[in-house]
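The structure appears below as structure tokens.
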Amino acid sequence: MKLRVELKNSQREIYYFRLRLALSIGFVLVLLFLLLTRFVYLQVVKHEHFHTLAENNRISVVPIVPNRGLILDRNGVVLAHNYSGYTLEITPSKVADLEATINELATLVDIQPKDRKRFRKLLAESHSFASISIRNRLSDEEVARFAAQSYRFPGVEIKARLFRDYPYKEQTSHLIGYIGRINQTDMDQLEEDEDVAANYRGSDYIGKTGLEQSYEKELHGTTGIEQMEVDAGGRGVRVLGRVSPMSGNTLVLSLDAKLQAIADDAFGSFRGALVAIDPNNGEVLAFVSRPGYDPNLFIDGIDEDNWNELNNSPDTPMVNRVLNGAYPPGSTFKPYMALAALTLGKRRPEQTIFDPGYYNFGGHVFHDDKKGGHGSVDMYKSIVESCDTYYYMLANDMGIDNIANFMRQFGFGQHTGIDIRGESEGVLPSQEWKKKRFKTPEQQKWYAGETISVGIGQGYNAYTPIQLAQAVATLANNGVMYRPHLVRRITDTRTNEKSIETTPLPLRTIPLQQENIDVIKRAMVGVNKEGTGARAFAGAEYISAGKTGTAQVYSLKGGKYTEGHVKQELRDHALFIAFAPTEQPKIALAILVENGGFGAQTAAPIARKVFDYYLLGKVPNAPPPALPVSAAGGTPATGTADEEPERD
Amino acid sequence: MTEQAKRVIDQPLWPRVKRVLVQHVDPILMLAIGLLMLTGLIVLFSATDGSWGRVMAQAMNMLVALTCMWLVANIPLHYLMRTALPMYALGMVLLIGVALFGEISHGARRWLNLGVATIQPSELMKIAVPLMMAWYFEKNEAALTLKNYFVAALLLLLPVALIARQPDLGTAVLISASGFYVLFLAGLSWRIMGGLFVAAAASAPFLWGMLHDYQKHRIMMLLDPSQDALGKGYHTIQGMIAVGSGGVLGKGYLNGTQTHLDFLPERTTDFIFAVYSEEFGLIGNIILVGLFLFVIGRGFIITANASTYFTRLMAGSITLTFFTYAFVNMGMVSGILPVVGVPLPLISYGGTSMVTLLLGLGMLMSIHTHKTLVQT
Chain A
7 MKLRVELKNS
17 QREIYYFRLR
27 LALSIGFVLV
37 LLFLLLTRFV
47 YLQVVKHEHF
57 HTLAENNRIS
67 VVPIVPNRGL
77 ILDRNGVVLA
87 HNYSGYTLEI
97 TPSKVADLEA
107 TINELATLVD
117 IQPKDRKRFR
127 KLLAESHSFA
137 SISIRNRLSD
147 EEVARFAAQS
157 YRFPGVEIKA
167 RLFRDYPYKE
177 QTSHLIGYIG
187 RINQTDMDQL
197 EEDEDVAANY
207 RGSDYIGKTG
217 LEQSYEKELH
227 GTTGIEQMEV
237 DAGGRGVRVL
247 GRVSPMSGNT
257 LVLSLDAKLQ
267 AIADDAFGSF
277 RGALVAIDPN
287 NGEVLAFVSR
297 PGYDPNLFID
307 GIDEDNWNEL
317 NNSPDTPMVN
327 RVLNGAYPPG
337 STFKPYMALA
347 ALTLGKRRPE
357 QTIFDPGYYN
367 FGGHVFHDDK
377 KGGHGSVDMY
387 KSIVESCDTY
397 YYMLANDMGI
407 DNIANFMRQF
417 GFGQHTGIDI
427 RGESEGVLPS
437 QEWKKKRFKT
447 PEQQKWYAGE
457 TISVGIGQGY
467 NAYTPIQLAQ
477 AVATLANNGV
487 MYRPHLVRRI
497 TDTRTNEKSI
507 ETTPLPLRTI
517 PLQQENIDVI
527 KRAMVGVNKE
537 GTGARAFAGA
547 EYISAGKTGT
557 AQVYSLKGGK
567 YTEGHVKQEL
577 RDHALFIAFA
587 PTEQPKIALA
597 ILVENGGFGA
607 QTAAPIARKV
617 FDYYLLGKVP
627 NAPPPALPVS
637 AAGGTPATGT
647 ADEEPERD
Chain B
48 MTEQAKRVID
58 QPLWPRVKRV
68 LVQHVDPILM
78 LAIGLLMLTG
88 LIVLFSATDG
98 SWGRVMAQAM
108 NMLVALTCMW
118 LVANIPLHYL
128 MRTALPMYAL
138 GMVLLIGVAL
148 FGEISHGARR
158 WLNLGVATIQ
168 PSELMKIAVP
178 LMMAWYFEKN
188 EAALTLKNYF
198 VAALLLLLPV
208 ALIARQPDLG
218 TAVLISASGF
228 YVLFLAGLSW
238 RIMGGLFVAA
248 AASAPFLWGM
258 LHDYQKHRIM
268 MLLDPSQDAL
278 GKGYHTIQGM
288 IAVGSGGVLG
298 KGYLNGTQTH
308 LDFLPERTTD
318 FIFAVYSEEF
328 GLIGNIILVG
338 LFLFVIGRGF
348 IITANASTYF
358 TRLMAGSITL
368 TFFTYAFVNM
378 GMVSGILPVV
388 GVPLPLISYG
398 GTSMVTLLLG
408 LGMLMSIHTH
418 KTLVQT
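For the protein sequence lines, the chains are A and B, in the order given. If you read the first sequence in the working numbering, its first letter stands for residue 7, the second for the next number, and so on. If you read the second sequence in the working numbering, its first letter stands for residue 48, the second for the next number, and so on.
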């Protein structure tokens with residue numbers, strides 16, 4: 007019995023055990039099936055999704071910044087280029103004590119206080135994981151010294167970068183401008199257009215002023231893309247695909263670098279502006295604004311000392327005088343006044359007036375520069391001798407709105423449309439202008455007396471040098487006006503094709519009669535032959551036309567203007583407009599010499615040098631012109647110029 | 048020397064050695080183990096970016112583990128049974144020692160420095176707990192009462208609680224499973240199991256409170272790994288990406304981008320399955336699951352044919368635990384189970400778990416090959 011029970015129990019036990027075992031097997035199979043279902047779900051159903059995720063994981067798109075386009079002058083002289091050099095850069099997030107690290111570095115490479123200041127400024131503007139340069143343009147020796155010690159400086163590395171360089175420095179600063187680090191304002195602007203923003207991924211620099219800014223689109227180039235396989239740490243493992251960057255296009259300017267240098271040197275120690283234009287097409291041949299500044303200082307953020315020096319200098323080197331300086335044209339306005347008189351039938355060339363040395367308008371006396379007056383004056387003489395009284399009368403006869411309407415055609419007081427951004431408008435005075443300009447009805451009223459001084463280029467008149475140059479070029483070209491421009495050709499760097507040839511079309515043709523124009527031109531030739539410009543152009547091998555001018559800076563309040571007694575910064579501005587050769591003008595220019603005194607003394611000789619070089623290839627070998635004082639005192643009379651220089 | 052002994056000695060050497068070597072090794076199980084180990088070495092080579100050094104080290108681990116397996120396979124189970132109590136007692140002492148004097152590494156107190164060597168007593172308990180429970184049931188086989196199940200459960204829960212406190216959730220889960228399998232196979236009544244299940248469900252909120260933050264996090268991550276894609280969810284997400292992007296055919300050996308570009312964490316150990324799956328795809332997964340099923344199936348056959356109560360319980364528990372390793376590991380890599388530290392059996396890099404696993408498989412072989420001897 008007992009045995010049976012035990013046996014039975016044992017059998018039952020095995021039976022139950024095997025039942026449980028079978029259940030276990032079922033359990034295992036169900037779970038493994040579940041697992042396989044999961045595999046199918048992940049690897050078949052959602053494969054595409056995970057494939058994408060894995061690709062995103064491993065592929066990182068790295069932008070390749072293109073080389074910025076070059077800027078060349080008309081003869082291929084380099085005005086802006088890139089060169090590779092070394093920078094010493096610090097990634098702040100990887101450095102525990104920045105100050106200590108920089109002090110340590112200073113024992114290896116030369117780090118000036120200005121470098122530190124600039125670094126701090128950049129540091130404030132950047133993310134802590136961006137690498138910021140503490141020193142640029144390291145010498146080979148410095149690179150070697152640091153390389154040997156680099157293990158001591160985690161987070162500090164030498165990087166090879168392309169630097170923008172402006173070899174002509176001050177001389178071309180106001181036209182070329184400079185590039186600088188992209189700041190938040192630039193960023194916001196770029197982000198307005200998605201495509202543009204995408205093209206700037208990886209770019210650190212953008213044109214800030216001058217042509218660098220205006221032609222940013224051409225110069226920047228197209229950013230390339232490198233698809234990098236990266237590991238989980240973000241380090242590149244290998245390149246999967248690459249779209250090469252396309253270098254920026256080359257700007258070929260109409261500027262003649264040599265001419266620019268000669269013109270710039272010709273100013274000597276004077277401040278001022280000069281614009282030389284080819285009247286046949288508006289090409290700007292020289293574009294001088296003095297003083298300039300070294301644009302290279304700005305590229306990586308200017309240090310505080312230099313910045314303060316530039317900004318606080320009384321010479322205002324940061325002001326682009328060509329585009330933003332507004333000056334009364336002085337007597338250089340007279341040829342246009344005369345042309346207006348002829349065109350409007352207010353004067354005939356041979357018609358004379360008598361100049362007693364002053365003009366009385368309603369009890370107010372306007373003095374002529376020449377004591378005792380010029381006597382009997384016709385149009386020719388009025389320009390050659392720069393007779394004020396002639397134009398006082400003429401202005402009064404024409405009225406302000408006639409003057410304004412005529413002058414507007416020459417571009418006075420209007421944007422010239424030059425291909426550099428930010429030019430000023432200047433002031434072409436008119437009744438309408440005054441209404442807009444002033445607030446109270448009292449101020450808004452135009453007084454006939456105000457017209458008188460406008461006639462000799464004073465009063466409210468204020469024009470930029472580029473406007474003066476455009477006007478004289480238009481006059482030289484018999485009224486056919488071109489938009490002044492600096493970029494002559496844009497060359498696609500890859501194909502070397504002139505992708506954009508700027509074939510200039512005339513802006514407009516001013517309705518003028520050739521005989522009237524010829525009268526004016528003859529008179530302007532007279533200026534350089536026997537008038538106020540004669541001394542400067544004595545012995546020239548070409549026939550040139552010009553007009554001197556002086557713009558008052560300092561109101562004498564009835565006192566006598568004696569150059570030697572007035573501080574230099576209060577002296578009058580000297581002006582000169584000219585073109586040559588007269589028959590087939592190739593160059594027209596406007597010159598302004600700040601506080602230069604008489605136009606004949608300081609401005610006209612600059613024009614002579616520019617013309618001599620441009621037309622004859624003559625390079626001035628003598629040192630810059632003698633100081634105005636000595637010029638006034640000791641120059642022997644070679645021509646018909648007055649012994650006492652005319653105050654035109 | 049007797050004639051018989053002489054005859055034995057006179058036999059050629061090799062057949063004798065061979066007989067000693069293989070007589071207790073189950074050839075079917077051995078074949079599956081060999082294939083899995085080979086797979087493991089192949090995958091490890093890829094997971095380490097072609098490091099022969101690591102592969103050789105793992106091969107050494109395997110050799111050591113195989114030796115252990117061979118030794119155990121040669122020990123009749125009734126000898127082994129006698130070690131159950133001392134081994135369990137030693138394990139408990141060591142676990143308490145860990146709790147009191149253990150070394151902290153990676154935020155967990157799992158190791159005990161004995162001066163000579165640092166040991167992880169929880170690993171010993173993977174064998175000792177089911178062994179102890181099976182021994183206990185065998186001892187009380189004649190008349191099993193509810194009290195016996197209760198005592199057995201206590202034998203299980205004490206070490207599990209200590210290990211979970213370390214914290215080592217992976218090992219706690221594995222030991223719980225192995226102990227539960229013993230209880231289940233020993234015939235724990237369905238009613239009690241149901242009651243336990245309800246009790247577990249009821250105490251879940253309480254247990255949740257007892258979990259360490261990182262354990263809670265891992266469970267939360269399972270529910271929504273994207274919640275913390277770069278933190279705790281990173282493992283799961285990268286694992287799933289690796290598996291999913293492998294597709295049907297896989298990216299090819301040594302071509303897994305997740306693996307070779309460092310996106311996969313712990314890719315030689317707990318996440319080695321992701322490496323395999325990325326490079327060999329669904330086809331590879333099916334083959335691998337097939338190989339595991341082969342081992343498990345053989346284990347079940349051995350279990351079914353085991354001659355004693357003790358050996359049946361042991362064999363069943365070992366087989367099911369082996370399955371649990373594989374399932375939990377593949378489940379966590381493919382994102383259906385929380386990330387707990389469970390290696391993929393015979394494939395993950397590491398000596399200790401390899402030895403533990405092969406000790407278990409050695410016991411299976413011993414159970415199978417010593418059956419007749421026991422009966423005589």
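Ideal placement from N, C-alpha and C gives every residue a C-beta, glycine not left out.
CB contact flag (residue i, residue j, <8 Å)
i	j	result
Thr554(A)	Ala479(A)	no
Asn73(A)	Leu168(A)	yes
Phe582(A)	Gly545(A)	no
Leu518(A)	Gly552(A)	no
Asn142(A)	Thr93(A)	yes
Asp407(A)	Asp394(A)	no
Pro341(A)	Pro591(A)	no
Ala373(B)	Pro392(B)	yes
Gly432(A)	Tyr398(A)	no
Glu429(A)	Leu329(A)	yes
Leu178(B)	Ser413(B)	no
Thr463(A)	Ser337(A)	One point to set straight first is that residue 463(A) is Gly, not Thr, in the sequence displayed. Contact: yes.
Where the beta strand (DSSP E) through residue i begins and ends
i	result
Asn376(B)	Asn376(B) -> not in any beta strand (DSSP E); alpha helix (DSSP H) instead, spanning Tyr356 to Val380.
Val69(B)	That residue, Val69(B), is in no beta strand (DSSP E); its alpha helix (DSSP H) goes Leu60 to Val69.
Thr58(A)	Run containing Thr58(A): none in the beta strand (DSSP E); it sits in the alpha helix (DSSP H), His53 to Arg64.
Phe668(A)	Outside the displayed range of chain A (7 to 654) lies residue 668(A), so it cannot be described from this structure.
Thr256(A)	Thr256 to Leu259
Gly381(A)	Gly381 to Val383
His180(A)	Premise fails: His180(A) lies in the alpha helix (DSSP H), Ser179 to Ile182, not in any beta strand (DSSP E).
Between the CA atoms of residue j and residue i - distance to the nearest angstrom
i	j	result
Leu235(B)	Thr306(B)	45 Å
Leu132(B)	Phe227(B)	18 Å
Gly241(B)	Ile343(B)	26 Å
Met413(A)	Ala482(A)	15 Å
Gly382(B)	Thr218(B)	19 Å
Gln195(A)	Phe617(A)	43 Å
Glu19(A)	Met128(B)	21 Å
Arg345(B)	Ile75(B)	7 Å
Gly44(B)	Arg63(B)	Any question about residue 44(B) goes unanswered here, given that chain B covers just 48 to 423.
Lys52(A)	Leu42(A)	14 Å
Asn461(A)	Ile140(A)	Here the sequence assigns Gly to residue 461(A), which means Asn is not the residue at that position. Approximately 57 Å, taken between the alpha carbons.
Gly381(A)	Thr358(A)	10 Å
Gly307(A)	Pro301(A)	11 Å
Pro168(B)	Gly138(B)	6 Å
Lys120(A)	Asp309(A)	6 Å
Element boundaries [alpha helix (DSSP H), containing residue i]
i	result
Thr312(A)	It is worth fixing the name first, because residue 312(A) is Asn in this sequence and not Thr. Glu310 to Asn318 is the extent of the alpha helix (DSSP H) around Asn312(A).
Asn108(B)	Trp99 to Ala120
Arg141(A)	Run containing Arg141(A): none in the alpha helix (DSSP H); it sits in the beta strand (DSSP E), Ile138 to Arg141.
inquiry  = What ranges does the alpha helix (DSSP H) occupy inside the region 425 to 467 of chain A, keeping only unbroken runs of at least 4 residues that lie completely in it?
reply    = 437 to 443, 447 to 450 and 454 to 460
request  = Compile a chain-ordered list of the residues in the region 12 to 41 of chain A whose CB is closer than 7 Å to at least one CB of chain B.
outcome  = Tyr22, Phe23, Arg24, Arg26, Leu27, Ser30, Ile31, Val34, Leu37, Leu38 and Leu41
task = Residues of the region 230 to 250 of chain A with a CB closer than 8 Å to any CB of chain B: list them in chain order, please.
result = Glu235, Val236, Asp237, Ala238, Gly239 and Val243
Residues of the region 165 to 183 of chain B whose Cβ lies closer than 9 Å to any Cβ of chain A, in chain order = none
request  = Ignoring anything shorter than 4 residues or poking outside the region 201 to 278 of chain B, list the alpha helix (DSSP H) runs there in chain order.
outcome  = 216 to 232, 237 to 257 and 260 to 270
key: Selection of the region 56 to 79 of chain A by Cβ proximity to chain B, strictly under 7 Å   = Phe56, His57, Leu59, Ala60, Asn63 and Arg64
request  = Report the residues of the region 350 to 372 of chain B with a CB closer than 7 Å to any CB of chain A, ordered along the chain.
outcome  = Thr350, Ala351, Arg359, Gly363, Leu367 and Phe370
inquiry  = Along the region 295 to 325 of chain B, where does the CB come closer than 7 Å to a CB of chain A? Name the residues.
reply    = Val295, Thr304, Gln305, Leu308, Asp309 and Phe310
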